Amino acid sequence: MQYTTVQMAEIQITAATGVAALQGIWERQEQYVITIDELINEPLIGTTSPWSVHVGTVDDLDLVKELFNALERSIRAMEKEQYDWFEFSGYRDNWKANRPRSSRADQLASYPAYQRIIGMGPERAVYCILQQMRDELRTGEPDHWFWALWALTGENPVPEENQGNIFRMAEAWISWGEREGYIDAEGVGGTVSAATGSIH
Amino acid sequence: MPKAWEAQFPQLQGRYTKSSEVTKTYNCAAFAVGDDQNWWDPLPPKTYYWPIQLPPNISEAYAVASYIRAFETRGFRTCSDGSLEAGFEKIAIYGNRWGYFEHAARQLPDGRWISKIAEDEDITHDTVDLLLGEQPGDISYMARPKVNDDNAPPDDRERKEEA
Chain A
6 MQYTTVQMAE
16 IQITAATGVA
26 ALQGIWERQE
36 QYVITIDELI
46 NEPLIGTTSP
56 WSVHVGTVDD
66 LDLVKELFNA
76 LERSIRAMEK
86 EQYDWFEFSG
96 YRDNWKANRP
106 RSSRADQLAS
116 YPAYQRIIGM
126 GPERAVYCIL
136 QQMRDELRTG
146 EPDHWFWALW
156 ALTGENPVPE
166 ENQGNIFRMA
176 EAWISWGERE
186 GYIDAEGVGG
196 TVSAATGSIH
Chain B
135 MPKAWEAQFP
145 QLQGRYTKSS
155 EVTKTYNCAA
165 FAVGDDQNWW
175 DPLPPKTYYW
185 PIQLPPNISE
195 AYAVASYIRA
205 FETRGFRTCS
215 DGSLEAGFEK
225 IAIYGNRWGY
235 FEHAARQLPD
245 GRWISKIAED
255 EDITHDTVDL
265 LLGEQPGDIS
275 YMARPKVNDD
285 NAPPDDRERK
295 EEA
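Quick note, the sequences are listed as chains A and B, same order.
Start counting at 1 in the first sequence, then tack on 5, and there's your number in our numbering.
Start counting at 1 in the second sequence, then tack on 134, and there's your number in our numbering.
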C-alpha cells in the first residue's frame, strides 16, 4: 500500500480545488498521512480509517496534485451534513486550541475561527454547534458557544434564573434545538463523528 | 512548563500557586465576588449572568465602570487601595489601557490575592500587579464588610441553593 505524507501549508489548495470545505482542513493546520488508494478508490469521509497526523513533505508534485484531486472528489461526494460537520470541526479545533484565554465572551467570540463558524450561517452551523454542545455536556463542561448561537439565531431560550450557569444554558439551547428541529432527541441531527467520519 | 495563559501576564513569571482545577463554570468576575457557579458577562444581552441593566451605548458594556456597578449589587463600594483592612474584604478590578475590563481578583484574609484565570484554574498570588496584562490600565479597588458565611452575600447563597 502506497503512503505519502502531505504538509498542508505547502499546498495551494484554494486555486486547485475551489471547495469551501477545504478551508476546514486548512484551519486545522495539521498534516495528514493518507493512502492514495483510499483517496482514489473510495470517499475519504465514510471510510473506517481515521486520519493519522504526521509531519513531512512531499517532493512529487504530481502525486500531490493527484492526492488533492482525489480529496476534492471525496469532499464533493459528502452528504451535506458531513460537509458541514467537516468544515465546522476544523474551525472548532482551531478555536479550542489557539484562542487567547479570556474572561469575556466577546473576546472568546472574536477569534477568527469562531467568526468563521458564525459565517457558516444558521442553516449549516446551528445543528453542528448544538451537537457539539451536547457531546461536551455529556463528557464534561460545555464550551462558550452561546455567543454564536445568539448571533446565528437571534433567540435566547435560557430562562433568566439560569443565565450564567453554563450547564443549564447548554441544556436550554439543546432543548430549543430539539423543539426547532435542528437536532433530535437521539442526537442524530445529521452530524458525523470527527474520529471516524461515520454518520450517527 | 509554563501554561498557555501565563504569557498573557508578563509579570507573573510562575510566581503563583494553583488553587483549583480548570473550569469554565465561572469566570474571574464571578469568583471575585464569591460566586463559583456562574459566568458573569454583560454580553450577549441576557445570556450570561449580569446583575445590572446594559448601558444605552452597548460598547460600554465592558467598561470598568460597568463592572463596578455590577459589583455594587454585591455590596462592594469603591475604595482607595488594596491594602489589608480589618473587617473588610476587597477586590481589585483590572482595566486595560482603554478603560475596559480585563480581570478581577479577590483579597485573601492574609493579604494575598486569589484569581480565577479566564477559563482555566484559580491561582493565589502575592500582589495585585502580578496579574497586570500586556496592555495594562488602571486598577480599581472595591471593599465590603466581611460576612461570616464563606464571604458570600445572601443573594449568592440563594442562587447556589437554587442550583
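Glycine included, C-beta positions come from ideal geometry on N, C-alpha and C.
Since this is a predicted model, take the numbers as computed values, not measurements.
Where residue i falls, given that 16 or more other Cβ within 10 Å makes a residue buried
| i | result |
| --- | --- |
| Ser-217 (chain B) | exposed |
| Gly-169 (chain A) | buried |
| Ile-50 (chain A) | Because the pLDDT at Ile-50 (chain A) is just 40, under 50, the model does not fix this residue reliably, and the value given afterwards should be weighed accordingly. The residue is buried, with at least 16 neighbouring Cβ atoms inside 10 Å. |
| Met-135 (chain B) | exposed |
| Ala-252 (chain B) | buried |
| Lys-152 (chain B) | exposed |
| Ala-220 (chain B) | exposed |
| Gln-137 (chain A) | buried |
| Ala-298 (chain B) | A question about residue 298 (chain B) goes unanswered here, because the residues of chain B that appear run from 135 up to 297. |
| Arg-240 (chain B) | buried |
| Asp-272 (chain B) | exposed |
| Ala-200 (chain A) | For Ala-200 (chain A), the predicted structure reports a pLDDT of 32, less than 50, and the residue's modelled location is therefore unreliable. A value from the coordinates is still provided. The residue in question, Ala-200 (chain A), is exposed, as its Cβ has fewer than 16 Cβ neighbours within 10 Å. |
| Glu-165 (chain A) | exposed |
| Asp-169 (chain B) | buried |
| Glu-32 (chain A) | Its pLDDT being 46, under 50, Glu-32 (chain A) is placed unreliably in this model, and the value from its coordinates should be taken loosely. It is buried - the Cβ of Glu-32 (chain A) has at least 16 other Cβ atoms within 10 Å. |
| Ala-102 (chain A) | exposed |
| Ile-192 (chain B) | exposed |
| Gln-87 (chain A) | buried |
| Ser-214 (chain B) | exposed |
| Gly-95 (chain A) | buried |
| Ala-138 (chain B) | exposed |
| Trp-232 (chain B) | exposed |
| Glu-226 (chain B) | Sequence check: residue 226 (chain B) is Ala here, not Glu. It counts as buried. |
| Asp-89 (chain A) | buried |
| Lys-85 (chain A) | exposed |
| Ser-180 (chain A) | exposed |
Residues near residue i in its chain [Cβ-Cβ closer than 6 Å; skip 5 each side]
| i | result |
| --- | --- |
| Pro-185 (chain B) | Ala-204, Thr-207 |
| Thr-261 (chain B) | none |
| Glu-292 (chain B) | Per-residue confidence for Glu-292 (chain B) stands at a pLDDT of 47, beneath the threshold of 50, marking its modelled position as unreliable; the derived number appears in the next sentence. There are no such residues. |
| Gly-182 (chain A) | Leu-135, Ile-188 |
| Ile-171 (chain A) | Pro-147 |
| Trp-100 (chain A) | Tyr-116, Ala-118, Tyr-119 |
| Tyr-183 (chain B) | Asn-172, Trp-174 |
| Leu-242 (chain B) | Ile-248 |
Per-residue DSSP class, three states only, for residue i
| i | result |
| --- | --- |
| Lys-101 (chain A) | helix |
| Thr-258 (chain B) | strand |
| Thr-158 (chain A) | helix |
| Phe-151 (chain A) | helix |
| Phe-205 (chain B) | helix |
| Lys-158 (chain B) | coil |
| Ala-190 (chain A) | coil |
| Ala-238 (chain B) | strand |
| Pro-117 (chain A) | helix |
| Pro-243 (chain B) | coil |
| Met-138 (chain A) | helix |
| Asp-272 (chain B) | strand |
| Ser-107 (chain A) | coil |
| Ile-171 (chain A) | helix |
| Glu-252 (chain B) | It is Ala, not Glu, that sits at residue 252 (chain B) in the sequence shown. Looking at Ala-252 (chain B) - three-state DSSP - the assignment turns out to be coil, as it is neither helix nor strand. |
| Lys-85 (chain A) | helix |
| Trp-173 (chain B) | coil |
| Ala-279 (chain B) | It should be noted that the sequence gives Pro, not Ala, for residue 279 (chain B). Reduced to three states, the DSSP call for Pro-279 (chain B) is strand. |
7 Å CB neighbourhood of residue i in its chain, flanking five on each side removed
| i | result |
| --- | --- |
| Gln-142 (chain B) | Gly-267, Glu-268 |
| Thr-206 (chain A) | As shown, chain A starts at 6 and ends at 205. That puts residue 206 (chain A) outside it, with no answer to give. |
| Leu-188 (chain B) | Pro-176, Pro-179, Ala-195 |
| Glu-236 (chain B) | Tyr-228, Gly-229, Asn-230, Gly-267 |
| Phe-222 (chain B) | Ala-277, Arg-278, Pro-279, Lys-280 |
| Lys-250 (chain B) | Tyr-160, Asn-161, Cys-162, Phe-165, Asp-256 |
| Cys-133 (chain A) | Asp-89, Trp-90, Phe-93, Thr-196 |
| Ala-156 (chain A) | Ile-123 |
Cβ-based neighbour list, residue i, same chain, cut-off 8 Å, excluding 5 preceding and 5 following
| i | result |
| --- | --- |
| Glu-255 (chain B) | Lys-152, Ser-153, Ser-154, Glu-155, Val-156, Thr-157 |
| Thr-181 (chain B) | Asp-175 |
| Leu-113 (chain A) | Arg-104, Ser-107, Tyr-119, His-149, Trp-152 |
| Ser-146 (chain B) | The amino acid at residue 146 (chain B) is misidentified as Ser; the sequence shows Leu. Counting only Cβ-Cβ distances below 8 Å, and skipping sequence neighbours, we find Glu-140, His-259, Leu-264, Leu-265. |
| Arg-149 (chain B) | His-259, Asp-260, Leu-264 |
Heavy atom of the ligand SAH within 7 Å of residue i beta-carbon
| i | result |
| --- | --- |
| Asp-189 (chain A) | Ligands are entirely absent from the displayed structure, and the ligand SAH is therefore not among its contents. |
| query | In the stretch 114–147 of chain A, which residues sit with their C-beta less than 8 Å from some C-beta in chain B, listed in chain order? | reply | Glu-146, Pro-147
| Along the stretch 167–190 of chain A, what residues have a CB closer than 7 Å to any CB found in chain B? | Gln-168, Gly-169, Asn-170, Ile-171
| query | Looking at chain A, which residues of the stretch 150–183 of chain B have a Cβ within less than 7 Å of any of its Cβ atoms? | reply | Thr-157, Lys-158, Thr-159, Asn-161, Cys-162, Ala-163, Gln-171, Asn-172, Trp-173, Trp-174, Asp-175, Leu-177, Pro-178, Lys-180, Thr-181, Tyr-182, Tyr-183
| field | Near-chain A residues of the stretch 224–248 of chain B (beta-carbon distance less than 9 Å), N- to C-terminal order | value | Tyr-234, Phe-235, Glu-236, His-237, Ala-238
| task | With 8 Å as the limit, tell me which residues of the stretch 147–159 of chain A have their beta carbon closer than that to any beta carbon of chain B; keep them in chain order. | result | Pro-147, Asp-148, His-149, Phe-151, Trp-152, Trp-155, Ala-156
| Fully enclosed by the stretch 181–235 of chain B, which alpha helix (DSSP H) runs are 4 residues long or longer? | 198–206
| task | With 8 Å as the C-beta to C-beta threshold (strictly closer), list the residues of the stretch 80–107 of chain A near chain B in chain order. | result | Pro-105, Arg-106, Ser-107
| field | chain A contacts made by the stretch 192–210 of chain B, where a contact means CB separation under 9 Å | value | Ala-195, Tyr-196
| query | Of all the residues that make up the stretch 251–282 of chain B, which are near chain A by a beta-carbon distance shorter than 9 Å? | reply | Ile-251, Ala-252, Glu-253, Asp-254
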